[in-house]
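Chemist: UniProt numbering puts the last residue of the sequence shown at 73; the count rises by one with no breaks. All C-beta atoms, glycine included, are put in the ideal place defined by N, C-alpha and C.
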Amino acid sequence: KSLKMPGTNLTSEQTFFLAYAQTQCYQRQPISQLLRTQLGSYDERTALNAALIHMPEFAKAFECEARKNQCFD
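#1: State the DSSP-derived secondary structure class of Gln-33, mapped to helix, strand or coil.
#2: Consult DSSP for Thr-8 and reduce its assignment to one of helix, strand or coil.
#3: Taking 8 Å as the CB-CB limit, is Thr-11 close to chain D?
#4: Take Gln-33 and list the residues in its own chain whose beta-carbon comes closer than 8 Å to its own, dropping the five residues that flank it on each side.
#5: Which same chain residues end up closer than 8 Å to Leu-10 when comparing Cβ atoms and leaving out the 5 residues on each side of it in sequence?
#6: Where does Gln-24 land, buried or exposed, given buried means 16+ other C-beta within 10 angstroms?
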């Protein structure tokens with residue numbers, strides 16, 4: 001049985017993934033993001049979704065459909 005975190009409706013597994021996602025949050029100026037993209041860096045949202053879509057643990061935690069693990073849209 002998965003426990004809920006106090007004060008939320010999130011399980012401990014969901015809280016883990018949410019905390020990880022929050023470490024990837026940045027607000028950039030459009031020109032800064034354009035330069036990063038031209039240098040071969042994905043924006044944080046794309047990189048995060050690319051990593052999580054391949055994790056069965058993430059899909060299980062959020063009950064996502066197979067190959068649709070982008071629960072943070």
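Modeler: This is what the structure gives:
#1: Indexing the sequence shown from 1 puts residue 33 at position 33. Correct three-state label for Gln-33: helix.
#2: Sequence index remark: in the sequence shown, residue 8 carries index 8 (1-based). Three-state DSSP puts Thr-8 in coil, outside helix and strand.
#3: Going by chain labels, chain D is absent from the structure shown, which holds only one protein chain.
#4: If you number the sequence shown from 1, residue 33 lands on position 33. Only Asp-43 meet the Cβ criterion.
#5: Taking the sequence shown and counting its residues from 1, one reaches residue 10 at position 10. Here the set comprises Lys-4, Leu-18.
#6: Looking up residue 24 in the sequence shown gives position 24. Label assigned to Gln-24: exposed.
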